[in-house]
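Below is one structure; the comments refer to it alone.
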Amino acid sequence: MSLSFLLTRKGNSSGSVLFFLFPVFVGAMGLVGVQGDGNGEMALSLGSKNKYKRMDSELSDDFEDDASHHHHQLGRKKSTRKYVLACAIFASLNNVLLGYDVGVMSGAIIFIQEDLKITEVQEEVLVGILSVISLLGSLAGGRTSDVIGRKWTMAFAAIVFQIGAAIMTLASSFEVLMIGRVLAGVGIGFGVMIAPVYIAEISPTVDRGSLTSFPEIFINLGILLGYVSNYAFSGLSVHTNWRVMLAVGILPSVFIGFALFIIPESPRWLAMQNRVEEARSVLLKTNENDKEVEERLSEIVAAAGISNGEKNEEKAVWRELLSPSPSLRRMLITGFGIQCFQQITGIDATVYYSPEIFHDAGIVNKSKLLAATVAVGVTKTALILIATFLVDRVGRKPLLYVSTIGMTVCLFTLSISLAILGKGQLGIAMALLCVCGNVAFFSVGMGPVCWIVTSEIFPLRLRAQASALGAVGNRVCSGFVAMSFLSLARTITVGGTFFLFSLFSALSVAFVYKLVPETKGKSLEQIELLFQNHNEWDGSEMELGDAQHLVHKA
0 MSLSFLLTRK GNSSGSVLFF LFPVFVGAMG LVGVQGDGNG EMALSLGSKN KYKRMDSELS
60 DDFEDDASHH HHQLGRKKST RKYVLACAIF ASLNNVLLGY DVGVMSGAII FIQEDLKITE
120 VQEEVLVGIL SVISLLGSLA GGRTSDVIGR KWTMAFAAIV FQIGAAIMTL ASSFEVLMIG
180 RVLAGVGIGF GVMIAPVYIA EISPTVDRGS LTSFPEIFIN LGILLGYVSN YAFSGLSVHT
240 NWRVMLAVGI LPSVFIGFAL FIIPESPRWL AMQNRVEEAR SVLLKTNEND KEVEERLSEI
300 VAAAGISNGE KNEEKAVWRE LLSPSPSLRR MLITGFGIQC FQQITGIDAT VYYSPEIFHD
360 AGIVNKSKLL AATVAVGVTK TALILIATFL VDRVGRKPLL YVSTIGMTVC LFTLSISLAI
420 LGKGQLGIAM ALLCVCGNVA FFSVGMGPVC WIVTSEIFPL RLRAQASALG AVGNRVCSGF
480 VAMSFLSLAR TITVGGTFFL FSLFSALSVA FVYKLVPETK GKSLEQIELL FQNHNEWDGS
540 EMELGDAQHL VHKA
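Going by numbering that gives the first Met the number 0, the first residue of the sequence shown is number 0, and it counts up by one from there.
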């Protein structure tokens with residue numbers, strides 16, 4: 000019987016059945032024997048008619064099994080992605096609190112100053128103290144998450160923040176307001192460092208970059224909500240409006256409480272506690288096939304230092320961080336450095352003091368000032384979605400290049416605009432364009448990728464506390480910028496201050512080129528090996544890899 004005849008017999012079936020059946024059929028030909036006929040066609044030595052029917056029946060059974068298995072895999076893939084996505088969203092809710100506080104304070108401070116009669120120095124302290132105090136939460140967060148777990152550290156962060164927010168809402172004096180601000184800062188410190196670590200540890204390798212950018216997305220969403228809240232409640236009395244603005248920040252706690260019943264504990268933390276079976280159970284929910292689960296579990300267990308149920312002897316974590324090996328030193332330079340550069344380029348000054356910037360450009364009406372900040376918030380939130388879509392496709396470094404170079408141009412142009420154009424329509428338009436451009440380029444790269452890289456590069460046994468160190472650098476720089484901006488602007492003008500930020504931004508381009516490796520597509524354990532291999536650390540080699548990837552994308 001010829002192959003063409005058999006295909007003709009199958010011609011009445013659908014094209015999809017023929018597509019799946021043909022490879023199976025060809026494989027069966029190899030098993031039963033193939034002969035050539037006189038016409039150059041391939042003929043099968045099938046024997047009797049009954050044998051042909053049996054083979055046809057077996058092929059049908061095999062096809063049904065394959066189709067069933069394929070359908071099962073598709074179903075598992077969809078459910079796994081939905082589950083991991085839900086975990087990333089719920090874990091990022093704490094970051095809404097941080098974003099909302101940053102956004103709402105930019106407008107609320109105008110009315111607080113009017114209601115409580117605070118000085119300019121007190122205004123700087125009130126705005127900046129949250130970032131400085133949050134470093135205490137970040138420092139304690141690393142150790143706390145190693146003891147009680149990533150999940151419950153996020154819960155603790157939410158509780159502390161909500162207490163602080165409630166005190167701020169009811170404050171009748173600057174001193175009471177500061178107490179609430181300090182508590183809110185501690186809660187934010189915990190939340191900011193633990194969310195990226197948790198998401199990085201629970202995410203599949205292929206989606207880790209996109210999912211780890213979720214905390215930054217939610218910070219931006221919170222900032223936008225804060226700006227909208229400022230605009231919406233600005234019409235209330237001076238004694239009431241800023242209190243309502245701050246009180247709205249308490250609402251996300253309801254969703255955070257609900258999230259604790261949904262999200263699992265980090266499988267890597269479970270492995271560190273020698274709870275390997277529980278870690279396997281979580282990985283089965285967050286990975287698409289059993290083989291990948293076992294491979295990932297083996298890597299995690301090895302990285303956690305567990306062998307045959309016993310933990311290897313390791314130096315104390317802080318002692319190791321204070322006297323690091325060459326590879327760990329490179330990790331610390333990368334993680335701490337990129338966190339500092341994220342803030343010393345002035346993003347918090349742009350967000351906190353955007354009303355002052357626009358006022359310096361020529362906008363006087365308070366309602367119009369707050370409306371302009373809403374435009375900044377919309378731009379910042381919308382553009383970060385681009386980074387989420389591209390970070391696992393293009394890579395971390397190309398986005399960082401676009402971000403740092405774009406920020407440098409916008410900051411420099413803003414400084415020139417404020418210094419030369421003055422308070423006219425053109426000056427206002429240029430200021431709005433440059434501020435929106437700056438936050439847009441920040442959101443495309445430096446904003447989310449900074450936290451992604453920091454959560455990826457450290458070894459498992461050090462990850463939480465090393466990431467906490469990076470968060471401390473971030474918060475210290477943020478506090479320094481926020482607490483000195485007004486004084487610096489009085490000394491060298493607002494334009495001169497942004498010229499200084501543009502210089503720091505230019506330095507960040509060189510830092511990314513030389514000291515940030517590409518981590519796209521690598522497991523957390525493979526990234527650790529990348530830093531141990533000195534050849535991989537060479538800037539030119541990493542740059543070559545980025546260039547090749549961009550050529551491939553083009």
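Just so you know, even glycine gets a beta-carbon here, dropped at the ideal spot from N, CA and C.
Going by beta carbon distance, what residues of the same chain come within less than 7 Å of residue i, once the five residues before and after it are set aside?
i	result
glycine 127	Gly478, Ala481, Met482
tyrosine 230	Leu369, Ala370, Val373
serine 442	Asn219, Lys379, Leu382, Ile383, Ala386
isoleucine 166	Val175, Ile178, Gly179, Leu182
leucine 245	Val103, Ala107, Ala164, Met167, Thr168
Identify whether residue i lies in helix, strand or coil by the three-state DSSP scheme.
i	result
glutamine 272	coil
leucine 259	coil
serine 504	helix
tyrosine 99	helix
glutamate 287	coil
phenylalanine 217	helix
aspartate 206	helix
glutamate 264	coil
glutamate 517	coil
serine 416	helix
isoleucine 249	helix
serine 78	helix
asparagine 364	coil
What's the call for residue i, buried or exposed, on a 16-neighbour Cβ count within 10 Å?
i	result
phenylalanine 254	exposed
leucine 485	buried
arginine 395	buried
glutamate 291	exposed
glutamine 338	buried
alanine 170	buried
asparagine 94	buried
glutamine 525	exposed
arginine 78	According to the sequence as given, residue 78 is serine; it is not arginine. Under this definition serine 78 is an exposed residue.
isoleucine 456	buried
asparagine 473	buried
glycine 98	buried
glycine 509	Contrary to the premise, residue 509 reads as alanine rather than glycine in this sequence. Flag for alanine 509 reads exposed.
glutamate 276	exposed
valine 196	buried
Between residue i and residue j, what straight-line distance do the alpha-carbon atoms span, to the nearest angstrom?
i	j	result
proline 263	lysine 367	45 Å
serine 466	leucine 425	43 Å
alanine 430	asparagine 240	28 Å
methionine 177	valine 227	24 Å
asparagine 422	valine 101	The amino acid at residue 422 is misidentified as asparagine; the sequence shows lysine. Answer to the nearest angstrom: the Cα atoms are 27 Å apart.
isoleucine 158	glycine 345	29 Å
asparagine 286	proline 203	6 Å
tryptophan 317	arginine 462	12 Å
glutamine 341	arginine 80	30 Å
glutamate 174	isoleucine 451	37 Å
glutamine 112	serine 172	11 Å
phenylalanine 411	valine 438	14 Å
cysteine 476	threonine 168	27 Å
serine 130	leucine 487	18 Å
proline 354	glycine 361	11 Å
valine 243	serine 133	23 Å
isoleucine 108	phenylalanine 497	22 Å
lysine 76	cysteine 86	15 Å
isoleucine 117	serine 507	36 Å
asparagine 288	glutamate 298	16 Å
tyrosine 512	leucine 399	9 Å
alanine 139	alanine 194	14 Å
Given residue i, which residues of its chain have a CB within under 6 Å of its CB, disregarding the five upstream and five downstream residues?
i	result
valine 281	Pro263, Pro266
phenylalanine 110	Val237, Asn240, Trp241
threonine 407	Ser501, Ser504, Ala505
alanine 470	Ser137, Val191, Met192
phenylalanine 217	Ser91, Asn94, Val95
valine 247	Ser228
alanine 156	Asn93, Gly186, Phe189, Gly190
Could you tell me how far apart the beta carbons of residue i and residue j are, in whole angstroms, since I believe they sit closer than 8 Å?
i	j	result
phenylalanine 440	glycine 405	3 Å
phenylalanine 530	serine 322	Actually they do not touch by this definition, with Cβ atoms about 17 Å apart.
leucine 296	alanine 278	6 Å
valine 390	glycine 208	4 Å
isoleucine 198	threonine 211	5 Å
Skipping 5 residues on each side, what residues in its chain have a beta carbon closer than 8 Å to that of residue i?
i	result
isoleucine 332	Leu514
glutamine 464	Gly141, Arg142, Asp145, Val316, Trp317, Leu320
alanine 301	Glu524
Is the Cβ of residue i closer than 7 Å to any Cβ of chain D?
i	result
threonine 412	Among the chains of the structure shown, chain D does not appear; only one protein chain is present.
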